[in-house]
Amino acid sequence: MNDAEAENDSLGYGHGTRRVVYVDADADAAAAVGSALTASSDGIEVLTAGSVTEAFELVVEHAVECLVTEYTLPDGTGVDLLRSLRDRYPDMPVVVFTGDGSEAIASDAIAAGATEYVRKDPLDEQLATLTDRVHTAMTEQSDREAILGRMTDAFFALDENWRFTYLNERGREILREAADVTDATSRLVGRRIWDVIPEIVDTEFYDIYHRAMESQKPESLEAYYDPLDTWFDVRAYPSETGLSVYFRDVTTRRKREDSLAEREEILTEMYRVIAEKETPFGEKVEHLLEVGRDALGTEFGALSRVEGSDYVFEAVIDPTGRTQTGDVVPLGSTNCERAIVERETLVIEDIAADAPELAERSGFTEMGIACYVGMPVVVDDEVYGTFCFYDRNPRHEAFADWEVTLVELMGNWISYELERERRERELTRERNRLDDFASVVSHDLRNPLTVATGHLELLTEAYDGDPDHVVGMERALTRMDTLIDDVLALARSGNQVVEPSDVELGPLCEQAWAVIENDGATLTVPDQTVTVSGDDSRLRQLFENLFRNSVEHGDPGVTVRVGTLSNGSGLYVADDGPGIPVDERESAFESGYTTSGDGTGLGLRIVEEIAEAHGARVTITESESGGARFEIHGLDVE
């Protein structure tokens, strides 16, 4: 066994030579014991000493697995020797083998920490017993040491004077590195930890070791040790005779946790930027470029749009100032062209090495772009441009999956926002067209209609011909007036309700019922205390149209009932009329649908538009009496 294997005085177990020190002033007894132990195993080497002093020096100098000692020695007793060694080597097996046998000596030896006590006389008969006890003690200790040696955690033990008494293999590796000891033969056992590793003094590790010893309570700590650039998880268990310390390297876990925390912080910042309602889209893009640039460690970031064969910088972060927002370069000179053509995220850590064909473009030769990550921005299934980050230095490690995902998350949000803005512009144009149309209907049609109605009244007074002609003209003009009212209602019915108010259902229905020709029909609103959240005038128009629909399509004296849905999620309007056939219910909301000769076909369409403006939807089913039942789901009803 070499000195490296014998780092601990009891670490030589199972590694070849097993040293035993026998202490006895009687040379004949020493020879007999030595011969018996040596003969008992090929791996045992017996060193002999004749005094306490000589034995102490042998144990300190050599890696000893077991000490066997006579009680009476020239310069003391075997118990004195045991006590002098025990605080330095607390786990070393010690067998007291003595001819001075008495209960007092045996008790004294056991109290001092002896592993075994064996009577020496008669020597010939006791040698077998001694040999058996020595082997048992060494085997048990060897098993304990083997368990510690196999621990994945590093371990060391200290005595009350802070001297190492044991280190497992992992513990020796780390502490030798901490002590900057490269010589594997350098021994740590017996040395004070503060002398071996002076840098640990006045650190958190130093503090918890002392707290544990002072309080005699276990202490734990996870802390960073700067000299080794390592995070350690440490657990210290004290006893009256020293301290047992388990520790392990948790740097990988800490780095992973720090990386996850950093990613969470980056994602939080990204979502914070996206969620800023008052910030214009362009400013949000610039913020996202900054977030991405910092996260990826690149110099540049850009959002571009493609116009034919041109690449237009719509937003750019360029610390050199060479590229500005609005600059235009040929698309074919950029790496973005490949992302656009392939419609996939393009990731290149080293353009010269990984994509030499791109190194021929001016983006590489003139701008010096050496690494790139970017994705196509797609709007309405057409490539709008790219969202990308790039740098003048090649990247020595691959872009991580989460980094690529980050770019894609931001790029997809930009695609969504551009699509939303485009749709809002289209909706605004459509709304403006509707407003213009409503204006034409309201003024350019209603004014001539008013003139025609006035002339008809004058004509009626002087006309003595067939009265049916006059009635037909009145009916036509009245229908035109109704159409104008419905078209105007339809034009404004879809506007979203921004600031709803609480409206009482009972008065609302009564007002709507009062303006229609009910022809003897009956309205029932059982619960007058219900309130609806919405726009008063538009809700009134919704009920007017539903009531009119029931009256116009029902028999004279039809009954109309208004109530809340069973789950409290809206309202219903039901009648006892003929109802609407199942196969016509979906088309009932289409413009122009009517079964009445006097209807405009817009009434139910207006109902649907007003409901959607309130975030609700309308369905048609059959009432309890077999009539029509309109259910408005999603209205806020209390």
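With my numbering, you'll find the sequence shown wraps up at 855, consecutive numbering, no jumps.
Cβ coordinates follow ideal geometry from the N, Cα and C atoms, glycine included.
When the options are compared against residue i, the one with the closest alpha-carbon
| i | options | result |
| --- | --- | --- |
| Phe633 | Val768, Lys434 and Val594 | In the sequence on display, residue 633 carries Tyr and not Phe. Closest option to Tyr633, Cα to Cα, is Val594. |
| Leu725 | Arg755, Val263, Glu516 and Gly543 | Arg755 |
| Leu666 | Arg646, Ile701, Tyr607 and Phe372 | Ile701 |
| Gly330 | Ala738, Arg300 and Val779 | Arg300 |
| Ala532 | Thr622, Ile327 and Phe517 | Phe517 |
| Arg380 | Val398, Arg408, Phe373 and Arg389 | Arg408 |
| Thr294 | Val269, Val277 and Arg305 | Val269 |
| Thr776 | Ile414, Pro684, Gly737 and Asp370 | Gly737 |
| Cys283 | Ala248, Ala569, Leu340 and Thr353 | Thr353 |
| Leu344 | Ile327, Val285, Thr382 and Thr356 | Val285 |
| Arg539 | Ala519, Gly525, Ser526 and Val502 | Ala519 |
| Glu826 | Phe760, Val398 and Ala556 | Phe760 |
| Cys605 | Val502, Arg692 and Glu599 | Val502 |
| Ile410 | Pro795, Glu436, Asn378 and Ile425 | Asn378 |
| Asp466 | Glu500, Ala256 and Arg387 | Arg387 |
| Glu636 | Pro307, Val621, Val596 and Arg393 | Val596 |
Counted within 10 angstroms of its Cβ, other Cβ atoms place residue i as buried (16 or more) or exposed
| i | result |
| --- | --- |
| Lys434 | exposed |
| Asn762 | buried |
| Phe464 | buried |
| Gly310 | Going by the sequence as given, residue 310 is Pro instead of Gly. Classification of Pro310: buried, given that the 10 Å Cβ count is 16 or more. |
| Thr582 | exposed |
| Val288 | Before going further, note that residue 288 is Tyr rather than Val in the sequence given. Buried. |
| His831 | buried |
| Asp338 | exposed |
| Gln758 | buried |
| Gly844 | buried |
| Leu477 | exposed |
| Asp752 | buried |
| Ser359 | buried |
| Thr469 | exposed |
| Leu506 | buried |
For residue j and residue i, the rounded distance between their alpha carbons
| i | j | result |
| --- | --- | --- |
| Glu561 | Ala576 | 20 Å |
| Gly267 | Ala242 | 4 Å |
| Thr447 | Asp376 | 26 Å |
| Asn450 | Val462 | For the sequence presented, residue 450 should be read as Asp rather than Asn. Whole-angstrom Cα-Cα distance: 10 Å. |
| Ala280 | Thr315 | 24 Å |
| Glu848 | Leu740 | 17 Å |
| Glu439 | Glu479 | 20 Å |
| Pro717 | Ile733 | 25 Å |
| Tyr442 | Ala429 | 19 Å |
| Leu782 | Gly771 | 23 Å |
| Arg389 | Ile414 | 12 Å |
| Ala396 | Asn385 | 16 Å |
| Asp793 | Ile823 | 22 Å |
| Arg235 | Leu445 | 35 Å |
| Ala805 | Leu676 | 39 Å |
| Asp245 | Ile391 | 46 Å |
| Pro536 | Phe373 | 53 Å |
| Arg522 | Pro497 | 18 Å |
| Tyr528 | Glu721 | 58 Å |
| Glu357 | Glu333 | 13 Å |
| Leu508 | Met487 | Note on residue identity: the sequence assigns Val, not Leu, to residue 508. Computed Cα separation, rounded: 7 Å. |
| Glu839 | Ala791 | 8 Å |
| Val335 | Arg473 | 57 Å |
| Glu801 | Lys494 | 43 Å |
| Glu855 | Gln728 | 20 Å |
| Pro798 | Ala679 | 48 Å |
| Ala669 | Pro773 | 33 Å |
| Val296 | Ser257 | 26 Å |
| Gly260 | His613 | 54 Å |
| Ser856 | Val749 | Shown here, the chain extends from 218 to 855; a query on residue 856 therefore has no answer. |
| Asp412 | Arg452 | 21 Å |
| Pro307 | Leu460 | 11 Å |
Residue-chain proximity (residue i, chain D), Cβ-Cβ < 8 Å
| i | result |
| --- | --- |
| Ala556 | Among the protein chains of the structure shown there is no chain D, as only one such chain exists. |
Residue i Cβ short of 7 Å to the ligand GDP heavy atom set
| i | result |
| --- | --- |
| Tyr463 | Of ligands this structure carries none, so the ligand GDP is not represented either. |
Quiz item: Looking at C-beta atoms only, is the number of pairs between the region 345–353 and the region 316–329 that lie closer than 8 Å three or more?
Solution: Short answer: they don't touch.
Quiz item: Is the region 474–487 touching the region 452–460, taking contact as three or more C-beta pairs under 8 Å?
Solution: Because the criterion of three Cβ pairs below 8 Å is not met, the region 474–487 and the region 452–460 do not touch.
Practice problem: Pair every Cβ in the region 578–598 with every Cβ in the region 550–561, then say whether three or more of these pairs are closer than 8 Å. | Solution: As far as the Cβ criterion goes, the region 578–598 touches the region 550–561, which means the pair count is three or higher.
Quiz item: Fully enclosed by the region 265–347, which beta strand (DSSP E) runs are 3 residues long or longer?
Solution: Those beta strand (DSSP E) runs which fall completely within the region 265–347 and span 3+ residues are 283–286, 311–315 and 333–336.
Self-check item: Segment contact flag, the region 758–774 with the region 741–750, C-beta cutoff 8 Å, min 3 pairs
Solution: Not touching, per the Cβ criterion.
Quiz prompt | At least three beta-carbon pairs within less than 8 Å, the region 629–646 to the region 529–549 | solution = The region 629–646 makes no contact with the region 529–549; the number of CB pairs closer than 8 Å stays below 3.
Quiz item: Does the pairing of the region 521–535 with the region 616–627 give three or more beta-carbon distances under 8 Å?
Solution: With the rule of 3 Cβ pairs closer than 8 Å, the region 521–535 does not count as touching the region 616–627.
Exercise. Give, in chain order, every unbroken run of the alpha helix (DSSP H) that is at least 4 residues long and sits entirely within the region 539–566.
Key: Along the length of the region 539–566, whole alpha helix (DSSP H) runs at least 4 residues long occupy 553–559, reported in chain order.
Practice problem: Could you pull out every unbroken alpha helix (DSSP H) segment of at least 4 residues lying fully inside the region 399–435, listed in chain order? | Solution: Segments of the alpha helix (DSSP H) lying fully in the region 399–435: 410–413 and 421–432.
Quiz item: Which ranges would you report for the alpha helix (DSSP H) in the region 704–773 if only whole runs of at least 4 residues count?
Solution: Within the region 704–773, the complete alpha helix (DSSP H) segments at least 4 residues long are 722–731 and 753–770, listed from N- to C-terminus.
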